[in-house]
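Engineer:
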Amino acid sequence: MERKQKKNGGAHRRQVLLLLQLSFPYWVASEQIHYSIPEEMTKGSVVGNLAKDLGLNSKELAKRSMHAASVDNMKYFGINTENGNFYINERIDREQICGKILLCLVNFEVVIENPLNIFHVSIKIQDINDNAPQFLNGNINLETSELTLPGSRFLLGKAEDPDIGINSLQNYQLSSNPYFILEVEESEDGNKFADLVLQKPLDRERQESIHLVLTAIDGGEPRKSSTVQILINVTDANDNPPIFTQEVYKVSLRENAPTGTTVLQTVASDADEGLYAQIRYHFSNIPGNAQEKFSMDPIKGTITLMKTLDFEENKEYTITVAAKDGGGLVTHCKVQIEIVDENDNYPEVTLVSLFTPLPEKSRSGTLIALINVKDKDAGDNGKITCYLQDDLPFNILPSSNNYYTLLTDRPLDREKTSEYNITVIATDKGIPPLSTNKTISLQISDINDNAPAFEKASYSIYVPENNPSGASIFQIQAFDPDVDQNSQITYSILTSNIEELPISSYISIHSETGTIYAQRSFDYEQFREFQLQVKAQDGGSPSLSSNVTVRVFILDQNDNSPQILSPSPDSKDSALFEMIPRSAEADYLVTKVVAVDADSGHNAWLSYHLIQATEPALFTIGSHTGEIRTARTFLERDSMKQRLVLLVKDNGQPPLSATIALNLVFAENFQEALPEMKNLMNSSEDQSDLQFYLVLALAVISFLFLFTVILAVVMKLRQSENPRFLQCFGPVPHTKTGAIFPPNFEEGTLPYSYQLCLSSESRKNELTVLTPNIHIAENILCGEKFGVSFADVGGNNLHCECYKTITGFNKKESGMVENVPIPM
2 MERKQKKNGG AHRRQVLLLL QLSFPYWVAS EQIHYSIPEE MTKGSVVGNL
52 AKDLGLNSKE LAKRSMHAAS VDNMKYFGIN TENGNFYINE RIDREQICGK
102 ILLCLVNFEV VIENPLNIFH VSIKIQDIND NAPQFLNGNI NLETSELTLP
152 GSRFLLGKAE DPDIGINSLQ NYQLSSNPYF ILEVEESEDG NKFADLVLQK
202 PLDRERQESI HLVLTAIDGG EPRKSSTVQI LINVTDANDN PPIFTQEVYK
252 VSLRENAPTG TTVLQTVASD ADEGLYAQIR YHFSNIPGNA QEKFSMDPIK
302 GTITLMKTLD FEENKEYTIT VAAKDGGGLV THCKVQIEIV DENDNYPEVT
352 LVSLFTPLPE KSRSGTLIAL INVKDKDAGD NGKITCYLQD DLPFNILPSS
402 NNYYTLLTDR PLDREKTSEY NITVIATDKG IPPLSTNKTI SLQISDINDN
452 APAFEKASYS IYVPENNPSG ASIFQIQAFD PDVDQNSQIT YSILTSNIEE
502 LPISSYISIH SETGTIYAQR SFDYEQFREF QLQVKAQDGG SPSLSSNVTV
552 RVFILDQNDN SPQILSPSPD SKDSALFEMI PRSAEADYLV TKVVAVDADS
602 GHNAWLSYHL IQATEPALFT IGSHTGEIRT ARTFLERDSM KQRLVLLVKD
652 NGQPPLSATI ALNLVFAENF QEALPEMKNL MNSSEDQSDL QFYLVLALAV
702 ISFLFLFTVI LAVVMKLRQS ENPRFLQCFG PVPHTKTGAI FPPNFEEGTL
752 PYSYQLCLSS ESRKNELTVL TPNIHIAENI LCGEKFGVSF ADVGGNNLHC
802 ECYKTITGFN KKESGMVENV PIPM
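In terms of the numbering used here, the sequence shown opens at residue 2 and continues consecutively.
Here is the structure:
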């Protein structure tokens, strides 16, 4: 594409070339755009529209974030990110930027993201005739002898014009005179030099000095020129001018040469003698940028380095040296100093684009950053290779035009490393090589790739029975190495091995803290353990979860007193009589007390004690067996009627106990013992009647109080026109059990204790409904020794023991002897 501009006659064009294509998931396209503009354009002038040249509209331009990557040359240009106009930001002086380089290019890169594209923009700066040729000296003073032969040449040097091409110096003109003509020569590098050639012999006596005007003219439109005054003094005869050993001296000088280094020595000789043979050297024509760097010894002709050189600033210097003898004759030579590049510039690393944070688990080959490298040195000194410092999961690959792409080499894991400091090392190929480090900080963002993990594979919780309802009994905790929402864990109970009621009526868990609460007071004698599954779920999308098994063990407490099974406390008074033959020897087994304890372990260890007796020395009791035996034989002074009070105590802390009274009669047969037994039974019946009336009176009072409370509640409900009766949480459900639970009883958990209401219909079933059907089977030794009604003929006591399995909670039965054979 080519466009013409009316004001400056410049033209610019754009050529777009596809240079680079990266593999999925990112594409980086590189295009080359060319513009051509004249120098000295006014600030704000529009060079072109980048967006239009790239086929982008204003909406796409706003979304894709256009910006320049190389900022060194961007001080001259600007980009309007709203409309895409590429405009002049600062006056451009081609001579300042490129000097004598014919093709003056300003290059930079424009990056457009989403997706990433790189555009290499090249602006050709066209020269205009804005500089006139300039002589280094305002006056040229020459001396020559009057004996100078026609044809002798006087080197006038050159004028400098920073313009190039047709706008640079094209010719010289000499003012008219009878003695000299002007010859213009062009050197290999294209510079034009003016030589003054003598056409006619001089005569000092006729004209002691000659005044000439030398004009330098360029070829621009309009043309520009400058003049220099030439003053020629004619001296007396000095017929041999100095002669240099070489017309052109060439030398190579390394840019890191220290100051004070001798560059070279120019040598001239003169065939004359005396004063006319004394030669002095000086710079006749030296560029402005070389005046401060070189000096010349006027006696020896030695050129010395005064200031350090820089190959990147100037690669070559051309100097004219004049040798003048004592008679005024001058000879000139050229000195060409070539600067040899040294590897004195470190590579420059520029981060063009960085995509951070980068999601973990990104595919291998994912683009992370675009990097630009450059080196001001030339040749191998300016060739750069890039690599990474450490063994990281990244790779750096060359792209084009000194661009490198930083890619992932394998999937990343944020839980192992959440941030990388990637050090890119750029090294040139100079000797010795120079390196530059660039550290890039890359953040790794989290994805939900880790399920919550519990501290243990399973948990065992030990809870003492009779715990308070709603109390915290344990805290379970899971950990998720993810962050933020992906690590927010909620806890819930999935299943349990309790089938009678929902697990929420026994256990609840706080969804945020994992604290487990007991929803009721546990009874070891009801059930001893249960199991549940706890689920931990994070807040990611999709969420991840894990389960753990929790076993709850109920620990026994001493909350049950011993119960005496034999002799049975509930049997009639006749069952509490034991008949002992008066002839019984010591250690005679009178009877055996059998007791059980619903607790377990130490709490169920029972001991038997005789706490009261009519004759304490007459009987003993086994502390662990409960066997009552005679301690000695019966004496005549001993009473036939003996009363024993027995204490059964468990081993709990504090211990619980039960007592039983046992009546003993010493007699040889039933007829002898019957009167004593009747007297004891009558006294017992009187006491039993008194107890009966006291219990009856207490029951009547309790009934009247309960009736009054129910009547008051009914009247209150009728006044409020509320038909609900004994309803605590919402409408009364239609259930046979009559149990009413809180609204969230089935669905959620109850971290605190709650009030349970039962309707009047469920009172008779409340134990079976609210108590888990957990069976406890125990073999209980139950026995009852029968009295005189089962005495054999020989006077021997009959002892009987029976075993019966007791099932069901809070249910204890004593065995009854059936079909007991009685010997005749």
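We put the beta carbon where it would ideally sit given N, CA and C, even for glycine.
With DSSP collapsed to three states, give me the class of Asn84.
Structural biologist: DSSP places Asn84 in coil when its eight states are reduced to three.
Engineer: Assign Leu705 to buried or exposed, taking buried as 16 or more other Cβ atoms, counted over all protein chains shown, within 10 Å of its Cβ.
Structural biologist: Flag for Leu705 reads exposed.
Engineer: Buried or exposed: which applies to Pro299, given that a residue is buried once 16 or more other Cβ atoms fall within 10 Å of its Cβ?
Structural biologist: Exposed is the call here.
Engineer: Am I right that Ser512 and Tyr525 are in contact with their C-beta atoms under 8 angstroms? What's the rounded C-beta distance?
Structural biologist: Contact flag wrong, Cβ pair sits at about 29 angstroms.
Engineer: Going by beta carbon distance, what residues of the same chain come within less than 8 angstroms of Glu209, once the five residues before and after it are set aside?
Structural biologist: Asn234 and Val235, listed in sequence order.
Engineer: Helix, strand or coil for Ala70? Go by DSSP, reduced to three states.
Structural biologist: Note: Ala70 maps to coil in three-state DSSP.
Engineer: What are the start and end residues of the alpha helix (DSSP H) that includes Asp54?
Structural biologist: Residues Leu51 to Asp54.
Engineer: Quick one: give me the first and last residue of the alpha helix (DSSP H) that Cys99 is part of.
Structural biologist: Looking at the DSSP string, the run of the alpha helix (DSSP H) that includes Cys99 is Arg95 to Cys99.
Engineer: Residue ranges of each alpha helix (DSSP H) run of no fewer than 4 residues wholly in the region 89-136, ordered along the chain?
Structural biologist: You should have 95-99.
Engineer: Pull up the DSSP beta-bridge partners for Gln208, would you.
Structural biologist: DSSP, once it has assigned bridges, lists no residue as partnering Gln208.
Engineer: Tell me Pro465's beta-bridge partners as DSSP assigns them.
Structural biologist: For Pro465, which the question treats as bridged, DSSP gives the partners Leu556.
Engineer: The alpha helix (DSSP H) spanning Asn290 covers which residue range?
Structural biologist: Per DSSP, Asn290 belongs to the alpha helix (DSSP H) from Gly289 to Gln292.
Engineer: Would you say Gly627 reaches chain E, if we count a Cβ-Cβ gap shorter than 9 angstroms as a contact?
Structural biologist: No chain E appears in this structure, which consists of one protein chain only.
Engineer: Out of Asp588, Gly515 and Lys417, state which residue places its alpha-carbon closest to the alpha-carbon of Ile622.
Structural biologist: Of Asp588, Gly515 and Lys417, the residue nearest in Cα terms is Asp588.
Engineer: Let's see if you can read the secondary structure: which residues bound the beta strand (DSSP E) around Gly566?
Structural biologist: Just to set this straight, residue 566 is Leu in the shown sequence, not Gly. Per DSSP, Leu566 belongs to the beta strand (DSSP E) from Gln564 to Ser567.
Engineer: Ordered along the chain, which non-local residues of its own chain (more than five positions away) have a Cβ less than 8 angstroms from that of Val252?
Structural biologist: Excluding sequence neighbours, Val252 sits near Val264, Leu265, Val336, Gln337, Ile338 and Glu339.
Engineer: At what residues does the alpha helix (DSSP H) containing Arg65 begin and finish?
Structural biologist: Ser59 to Arg65 is the extent of the alpha helix (DSSP H) around Arg65.
Engineer: Look at the alpha carbon of Lys642 and the alpha carbon of Leu675, and state the distance between them as a whole number of angstroms.
Structural biologist: Taking the straight line joining both Cα atoms gives about 11 angstroms.
Engineer: Have a look at Leu538 and Ser546 and give me their C-alpha separation to the nearest angstrom.
Structural biologist: Sequence check: residue 538 is Gln here, not Leu. Spanning the two alpha carbons is a distance of roughly 4 angstroms.
Engineer: For Ser761, which three-state DSSP category applies?
Structural biologist: Its pLDDT being 33, under 50, Ser761 is placed unreliably in this model, and the value from its coordinates should be taken loosely. If DSSP states are grouped into helix, strand and coil, Ser761 belongs with the helices.
Engineer: When you compare the region 366-373 with the region 451-464, are there three or more beta-carbon pairs, one atom per stretch, that lie closer than 8 angstroms?
Structural biologist: Verdict: no, contact absent.
Engineer: Where DSSP assigns a beta bridge to Ile494, which residues make up the other side?
Structural biologist: Ile494 pairs with Val535.
Engineer: Would the region 143-157 and the region 191-202 be scored as touching if the rule is three or more Cβ pairs under 8 angstroms?
Structural biologist: Contact between the region 143-157 and the region 191-202 is present, because at least three Cβ pairs lie under 8 angstroms.
Engineer: Under three-state DSSP, which class holds Leu150?
Structural biologist: Note: Leu150 maps to coil in three-state DSSP.
Engineer: Can you give me the Cβ contacts of Glu747 inside the same chain, cut-off strictly under 8 angstroms, excluding the 5 residues immediately before and after it?
Structural biologist: Residue confidence for Glu747 is low, a pLDDT of 37 falling below 50, so the modelled location carries little weight; the figure read from the coordinates is stated next. Answer for Glu747: Pro503 and Ser505, listed in chain order.
Engineer: Determine the burial state of Glu579: buried for a count of at least 16 other Cβ atoms within 10 Å of its Cβ, exposed for fewer.
Structural biologist: Under this definition Glu579 is a buried residue.
Engineer: With three or more beta-carbon pairs closer than 8 angstroms as the criterion, would you say the region 81-93 touches the region 381-391?
Structural biologist: They do not touch, by the three-pair rule.
Engineer: With DSSP as the reference, identify every bridge partner of Met297, one or two as the case may be.
Structural biologist: Paired residues: Ile304.
Engineer: What number of angstroms, rounded off, separates the C-alpha of Leu137 from the C-alpha of Ile119?
Structural biologist: Approximately 46 angstroms between the Cα atoms of the pair.
Engineer: How would you label Thr267, buried or exposed, when you count the other beta carbons within 10 angstroms and need 16 or more for buried?
Structural biologist: Answer is buried; the Cβ neighbour count reaches 16.
Engineer: Do the CB positions of Pro358 and Ile445 come within less than 9 angstroms of each other?
Structural biologist: Closer than 9 angstroms, so yes.
Engineer: Is Phe706 helix, strand or coil by DSSP?
Structural biologist: If DSSP states are grouped into helix, strand and coil, Phe706 belongs with the helices.
Engineer: For His610, report the span of its beta strand (DSSP E) as first-last.
Structural biologist: Here the beta strand (DSSP E) through His610 covers Leu607 to Ala614.
Engineer: Considering only the alpha carbon of each residue, which of Leu352, Val350 and Pro394 lies closest to Arg364?
Structural biologist: Here the closest residue by C-alpha is Pro394.
Engineer: Tell me the DSSP secondary structure of Pro617 in three-state form.
Structural biologist: DSSP places Pro617 in helix when its eight states are reduced to three.
Engineer: Closest to Thr631 by CA distance: which of Gly653, Leu607, Thr592 and Gln613 is it?
Structural biologist: Here the closest residue by C-alpha is Thr592.
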